[in-house]
Every structure is written in structure tokens, then in C-alpha cells.
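Q:
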Amino acid sequence: MKALSILKLHGTKISLFAGLVILLLLFVNYSDLLVRFNTTDTSLVLPKGFSAVVVADSIGQGRHIAVNSNGDIYVSLARLKNGNGIAAIRDVNMNGKADIIKYFGTLPGTGIGIYNGYLYFSSDTSVMRYKLIPGELLPNLKPEVIASGFKINRQHGAKSFTIDQQGNLYVNVGAPSNACQDPDRTLHTAGQKPCPLLKEFGGIWKFNANKTGQVQMKDGRRFVTGLRNCVALRWNPIVNHLYAVQHGRDQLHEFWPEYFTEDQGVSQPAEEFFQLNEGKNYGWPYTYYDYAKNMKMMAPEYGGDGKIADVTNSQLPIMAFPAHYAPNDLLFYTADQFPARYKNGAFIAFHGSWNRAPQEQKGYNVVFVPFKKDLPSGKWEVFADNFAGVSKIMSPRDALHRPCGLAQGPDGSLYVVEDIQGKIWKITYH
Amino acid sequence: MVNYISCFIIILFFTTKGIQQQKAPETGKELYQKYCLTCHQGDGGGVPYTFPSLIKSSWVNGDKTRLIKIVLNGLQGEIAVEDDTFNGVMPPQNNLTDLQIATLLTFIRQNFENKSSEITPDEVKTIRDTQKPK
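Just so you know, the sequences run in chain order A and B. Using the numbering used here, you'd call the opening residue of the first sequence number 1 and step up by one each time. Using the numbering used here, you'd call the opening residue of the second sequence number 431 and step up by one each time.
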């Protein structure tokens, strides 16, 4: 009885309310709401208008990432997960979250990319490709080896790669060394002169992406030299140039304390962003880039003392980043989802430092560099932050996540994968 | 008389200066910070997938000879550390004296949740000598 009287009293209000609810259910994209309120990851700090969805949480030690035109995602793993080195992910209902996760491949590695109907993947010693099957998440599981013969390398062994529109495959062959000392990483040891490592390492090697069975020192061509380790390597299809961001050398203070204080060791050298042009020398190991002076300097292993400028005439970077940030991927944004200022600019994933100890570690973010034609047009800015999950990082172990790979989705979203546990974010602009 | 006093003062000055310049012996902590911290980090925890942790480590608490040799010769190749594997490069630290290595290793074996016996300079010397080419 009481209920009836309430209804009589508030009848109109109740029916109005009911009507609104029905309208809401009919006209609002419910799954869109779910994405924003249930699964939106609020832990990343992003510019206004951007938000992130967690695609998958722990797929393995994810390094680089590629997204197919149908939205399927492939991630290379630095360590085998259940015996496999590649994760394949499908979002069936298009809400951003992974619905199917499969694993294949028997080798761990870093490089991954889609070209000409194939999924290319690199271990530390070879680049191979798997034929993609239209409609299927998993490719043909028998890979073909495109390029091999890369020597095992215990530091800087990741063979990240990129492929241009002409079918040229560019592979990062990092140097198994810090600054070409022998023995490596020791106090006051001079650098080897000339550095014998440059013959087979310390540069980018060029191959034919469509030809199987190539061997580095027989069929590959050394495209550029003088690069310590460029895990962040990308062909820019807009301006037809190759670009890379280099891991600068470590431990200036540890090995040359008479020239570099602890503070200087922490803040030097810069991580260099290069436009790579064929045949050029980019300076390693004979030089490094001084972040404060914005100058290329002679390395202390080769007569430098923190004050002597480069006498080898090596190439200058197009931009310099703070020391030890550890650039692990580079992506040129070519889509239209993000605001116009992002178009044709570069995103860089910084893995984060270890070499700033005992001081605070830095990096652990994704930055953006605006471009005009083939060069930066303005200062770099932090785009995505708080991957580490803590405000002060004293040791890399403190970081929950370390960004490692970047990809652009078919809808223009930016995908980021990290390599502590393999979390993947999809960043979109609304 | 003045000459004698001046001489005395001069001698006193250089003697005390000499005493001042004699450094206090390096502690294990100082040695760790100078030679190990960069890679193995301030908390001894290392860097994931790159430099092994020294915390509660069987490599630290185990065989003394193996541990001393790592510092003298460096270490390369795949190793298992607890339930993880590393395949990196540790440079040799053979420019350190027997005393420095003993002090350093004793510090590591008694910190970072490690509880093991000290290592003496003689123990380091013995291993260094056995490694010398005859």
C-alpha cells in the first residue's frame, strides 16, 4: 500500500527517470563506457585528451611490437615464455583488451615487424620471417631465415631492424663493448686504435628483405659505422631516411675519475638521435656527445679529457637526450588520430637508466619530438610517464615497468610494450 | 738559535703534513661504492636481466675461491643466479690490491642479507699467485 502511494506521489518523476535510463542504454555505446570506466588504465601520465587501455598485463619480457592492419598484435620476447619467443594477440570485440593470446617461435629476440605479408623477427644471431595467413592470428610456423651469421654478443646483442618501401632490411649490429677498451670496462685502459670491432659490429648492416639465406659478412653491406648500439632504429617512410637513437657509452667517471666527477659521469654522455646516411661515420668509440656543451668530444679512451672536441669529423646528432636514458624504440607517427602537431613526428621509448647510480635513475618514459620534413622542429617533450610506478627510481629494480617497444595501430592509436613483465598499453586521443 | 727553531718548525710541518696525507684505510662500503655499485646498484640488487643481484646470493655465500676469481678475472658466459639466468660481461678488477679485494668481498658477504665469513688478503694472494703464468 505504501508503495502504491509513493508511486502515485512520484509517478511522473519515476517514469521520467525510467525513460532516461532506457534512452541511455539505447544510445550510449556501452562498451565504450566500459573501456573508459572499467578498464582504462589510469597509471600512465599522458597529455590532456589522451587515455590508455591495458591491452594485456603479463605477456612475457616484451621487447618490440608490431600491429597488423587487422589489429592483430605481435610482440618479441627477450626470454622464452613456455618455450616460445613471440606473443600473438587478438582483440576480438575491439574494446582494446586482448581476448586471444598465443605463443610461437622457439628463439628469444628483439626485432619484430610486418612487411609484404610476412612477420619478420630477429633473434640475436639472425633475422627470419613467418608468412602471415589472411584472417589467422598465427602465421605459418615454419620461418625462413633472411639474414644470419651475426656473432653472439653478450652486451648490445639485440638485432632490432627496420624495412623500407624498397625492401631493404636494416639491422642494428651493436658493438660487444663499452668504448672499445681491451679489456673492456676497466680503469684507465686506452681504446684500441683503430677499433677492430667496427669491421663486424658497431653499425647498421643492409640486406635484401625479400631474399633468404643471406650472411652478414658475405651478403650484407655495412650501411653506416660508428654506432655503439641502436636498439631504436626506424625507417621514416615520409621523408625516406633512416633514423636511430643510440645508447651512449657508460662509466666515464668510473674509468676516468681524473677527468669526470661522479656528477659528470651521471649526466654525460648524451643519447644521440641520428639521421643515418649511407657511408657516414657516427663517432663511436672515438667520440661521445657532451649534453651540457652540445658538442661532440674525444672519448677519454682516445685522448679526450672532457674538454677536447672531436677531431675525427664524425656526424653530429639531430638531437641529444639526457645521459643513460637508454632509447629502445623509435616510431614516426603517420596517422591522423592524434592532433595535427603529432603528425610526422617521432616517439621514442626510453628504457631507463642503470648507469646513474648512486644518483637517481632517469628515463622510463616515452617522449615526443615534433618534426618538420626530415628534422626536428622543436624541443622534445615527455609524452607518456609513470611507467616505473614510483616517483623516485634509485635502481632499475624499483621500476614496475620499463618501456621498450612502440607501434602505431591501424586506427592511429599508439601501442607501448614494456619488458619487465610484458604489459601493453594502447594510447588513444579523444 | 733562530735557525734551529726554524729548522725544527719546518721539520714539524712536513711531518704532520705527512701524517695528515695518510688516508684512513678504505672500508668495504667505500670500495663497493667505488668499484661495484654502478652495476650491482646501491642495494646490491643488480639490474633485471643484465647484472645479477648480490642479495642472499649463493654465488656470494658459497665457494670463496670461485668468488675471488670472479673479482680477479671477471666473468663471462651464461650463469644461473637463483632462478634466473644471465649472459653478460663482468670486467676483471685485478688492479685492486689483495687487501682491497678481501675488504670488498668481506663487506658483500656480510651485507645485502648475506651472512658469511670474511675473506682475508692472504686468501686473495694465494689465488692470484696460483693464476700467475709460471
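All C-beta atoms, glycine included, are put in the ideal place defined by N, C-alpha and C.
Roughly how many angstroms separate the alpha carbons of E508 of chain B and P482 of chain B, rounded to a whole number?
A: Within the second sequence, residue 508 of chain B is the residue found at index 78, counting from 1. Within the second sequence, residue 482 of chain B is the residue found at index 52, counting from 1. Taking the straight line joining both Cα atoms gives about 11 angstroms.
Q: Look up P376 of chain A in the DSSP assignment and give the residues it is bridged to.
A: Here residue 376 of chain A corresponds to residue number 376 of the first sequence, with the count starting at 1. DSSP output for P376 of chain A lists A:F371 as bridge partner(s).
Q: By DSSP, does C230 of chain A sit in helix, in strand, or in coil?
A: Here residue 230 of chain A refers to the residue found at position 230 when the first sequence is read from its first residue. Reduced to three states, the DSSP call for C230 of chain A is coil.
Q: Our contact map puts Q248 of chain A next to Y288 of chain A with C-beta atoms below 8 angstroms; I'd like the distance itself, whole angstroms only.
A: The count along the first sequence starts at 1 and reaches residue 248 of chain A at position 248. The count along the first sequence starts at 1 and reaches residue 288 of chain A at position 288. Before going further, note that residue 248 of chain A is Gly rather than Gln in the sequence given. Right, their Cβ atoms sit about 6 angstroms apart.
Q: Buried or exposed: I65 of chain A, going by 16 or more other Cβ atoms within 10 Å of its Cβ?
A: Here residue 65 of chain A refers to the residue found at position 65 when the first sequence is read from its first residue. Its Cβ being crowded by 16 or more others within 10 Å, I65 of chain A is buried.
Q: My parser needs the beta strand (DSSP E) runs of 3 or more residues fully inside the segment 304-358 of chain A; what are they?
A: Runs found: 319-321, 327-332, 346-350.
Q: In chain order, what residues of the same chain have a beta carbon less than 7 angstroms from the beta carbon of G49 of chain A, not counting five sequence neighbours either side?
A: Taking the first sequence and counting its residues from 1, the one referred to as residue 49 of chain A is at position 49. Correct list, in chain order: Y429, H430.
Q: Identify the residues that DSSP records as bridge partners of V145 of chain A: which are they?
A: To locate residue 145 of chain A, count along the first sequence from 1; it is residue 145. For V145 of chain A, which the question treats as bridged, DSSP gives the partners A:M128.
Q: How would you write the range of the alpha helix (DSSP H) that N84 of chain A sits in, first residue to last?
A: Against the first sequence, residue 84 of chain A aligns to sequence position 84. Premise fails: N84 of chain A lies in the beta strand (DSSP E), 84-90, not in any alpha helix (DSSP H).
Q: Okay, do the segment 350-365 of chain A and the segment 324-336 of chain A touch, 3+ Cβ pairs below 8 angstroms being the bar?
A: Yes: at least three Cβ pairs fall under 8 angstroms.
Q: DSSP puts Q463 of chain B in a beta bridge; with which residues?
A: By 1-based counting over the second sequence, the position of residue 463 of chain B is 33. Q463 of chain B is not bridged to any residue.
Q: In chain order, what residues of the same chain have a beta carbon less than 6 angstroms from the beta carbon of L34 of chain A, not counting five sequence neighbours either side?
A: As a position in the first sequence, residue 34 of chain A is number 34, starting the count at 1. Note on L34 of chain A: pLDDT 41, under 50, position unreliable in the model; the coordinate value appears next. Nothing listed; no residue qualifies.
Q: State the start and end residues of the unbroken beta strand (DSSP E) segment that holds K392 of chain A.
A: Counted from its first residue, the first sequence places residue 392 of chain A at position 392. First-last for K392 of chain A: undefined, no H or E at that position.
Q: Any Cβ of chain B within less than 8 angstroms of the Cβ of W235 of chain A?
A: Your numbering for residue 235 of chain A matches position 235 in the first sequence. Taking Cβ atoms only, chain B never reaches closer than 8 angstroms to W235 of chain A, which makes this a no.
Q: Near R154 of chain A, which residues of its chain fall below 8 angstroms by C-beta distance, leaving aside the five closest residues on each side in sequence?
A: Sequence index remark: in the first sequence, residue 154 of chain A carries index 154 (1-based). P176, listed in sequence order.
Q: Is the CB-CB distance between G60 of chain A and A87 of chain A below 8 angstroms?
A: Here residue 60 of chain A is taken as the residue at index 60 of the first sequence, counted from 1. Here residue 87 of chain A is taken as the residue at index 87 of the first sequence, counted from 1. Yes; because the gap between Cβ atoms is below 8 angstroms, this pair is in contact.
Q: First and last residue of the beta strand (DSSP E) that includes D290 of chain A?
A: As a first step, residue 290 of chain A is located in the first sequence; it is residue number 290 there, counting from the start. Run containing D290 of chain A: 287-290, per the beta strand (DSSP E) assignment.
Q: What would DSSP say about L414 of chain A, mapped onto helix, strand or coil?
A: Translated into the one-based positions of the first sequence, residue 414 of chain A becomes position 414. The answer is strand: DSSP assigns L414 of chain A an E or B state.
Q: Look at L400 of chain A and I420 of chain A and say whether their C-beta atoms are less than 8 angstroms apart.
A: As a position in the first sequence, residue 400 of chain A is number 400, starting the count at 1. As a position in the first sequence, residue 420 of chain A is number 420, starting the count at 1. It is a contact, given that the beta carbons lie within the stated cut-off.
Q: Quick one: does I59 of chain A have its CB under 8 angstroms from some CB of chain B?
A: Here residue 59 of chain A corresponds to residue number 59 of the first sequence, with the count starting at 1. Cβ-Cβ to chain B under 8 angstroms: no for I59 of chain A.
Q: For I152 of chain A, I'd like the list of residues in its chain whose CB is within less than 8 angstroms of its CB, leaving aside the five on either flank, ordered along the chain.
A: Taking the first residue of the first sequence as position 1, residue 152 of chain A is located at position 152. Cβ neighbours of I152 of chain A beyond the five flanking positions: D124, T125.
Q: In chain A, what lies closer than 9 angstroms to Y462 of chain B by C-beta?
A: Position 32 of the second sequence, counted from the start, is the residue given in the question as residue 462 of chain B. Per Cβ cutoff of 9 angstroms: no residues; Y462 of chain B is ~10 angstroms from chain A at best.
Q: Which of the three DSSP states is assigned to W205 of chain A in this structure?
A: For the purposes of this step, residue 205 of chain A is taken as residue 205 along the first sequence, with counting starting at 1. It is a strand residue.
Q: What in chain B is Cβ-close to S69 of chain A, meaning under 7 angstroms?
A: If you number the first sequence from 1, residue 69 of chain A lands on position 69. Within chain B, no residue comes near S69 of chain A; the closest Cβ sits about 32 angstroms away, beyond 7 angstroms.
Q: Please name the residue in A:G167, A:P285, A:G105, A:G135 whose C-alpha comes closest to that of A485 of chain A.
A: There is simply no residue 485 of chain A to check, as chain A begins at 1 and stops at 430 in what is shown.
Q: The beta strand (DSSP E) with N541 of chain B in it runs from where to where?
A: Along the second sequence, one-based indexing puts residue 541 of chain B at 111. Here N541 of chain B belongs to no beta strand (DSSP E), and DSSP marks it neither H nor E.
Q: With a threshold of 6 angstroms on Cβ separation, who are the neighbours of W256 of chain A within its own chain once the five nearest residues in sequence on each side are excluded?
A: Counting from one through the first sequence, the residue named residue 256 of chain A turns up at place 256. So the list reads P300, once near-sequence residues are dropped.
Q: Of all the residues that make up the segment 251-265 of chain A, which are near chain B by a beta-carbon distance shorter than 7 angstroms?
A: From the segment 251-265 of chain A, only Q251, E254 have a Cβ closer than 7 angstroms to chain B.
Q: Entirely within the segment 237-305 of chain A and at least 4 residues each: give me those alpha helix (DSSP H) ranges in chain order.
A: Complete alpha helix (DSSP H) runs here, min 4: 252-255, 262-267.
Q: Of the residues that make up the segment 506-529 of chain B, which ones have a beta carbon closer than 7 angstroms to any beta carbon in chain A?
A: The residues in question are Q506, N517, G518, V519, P521, P522, N525.
Q: DSSP state of Q547 of chain B, grouped into three classes?
A: The residue labelled residue 547 of chain B in the question sits at position 117 within the second sequence. Residue 547 of chain B is actually Ser in this sequence, not Gln. Coil.
Q: Just verifying my parser: in three-state terms, what is the DSSP assignment at P196 of chain A?
A: Here residue 196 of chain A corresponds to residue number 196 of the first sequence, with the count starting at 1. The answer is helix: DSSP assigns P196 of chain A an H, G or I state.
Q: Using a 10 Å radius around the Cβ and a threshold of 16 neighbouring Cβ atoms, would you call N38 of chain A buried or exposed?
A: Position 38 of the first sequence holds residue 38 of chain A. Its pLDDT being 38, under 50, N38 of chain A is placed unreliably by the model, and nothing is read from it.
Q: Comparing C-alpha positions only, which one of B:T480, B:T457, B:I485 sits nearest to S546 of chain B?
A: Taking the first residue of the second sequence as position 1, residue 546 of chain B is located at position 116. Out of B:T480, B:T457, B:I485, B:I485 has the C-alpha closest to the C-alpha of S546 of chain B.
Q: Residues of the segment 466-479 of chain B with a CB closer than 8 angstroms to any CB of chain A: list them in chain order, please.
A: Flagged, chain order: L467, T468, C469, Q471, G472, D473, G475, G476, V477, P478, Y479.
Q: So is P269 of chain A in contact with chain B if we call contact Cβ pairs under 8 angstroms?
A: Numbered from its first residue, the first sequence carries residue 269 of chain A at position 269. No, its Cβ sits nowhere closer than 8 angstroms to a Cβ of chain B.
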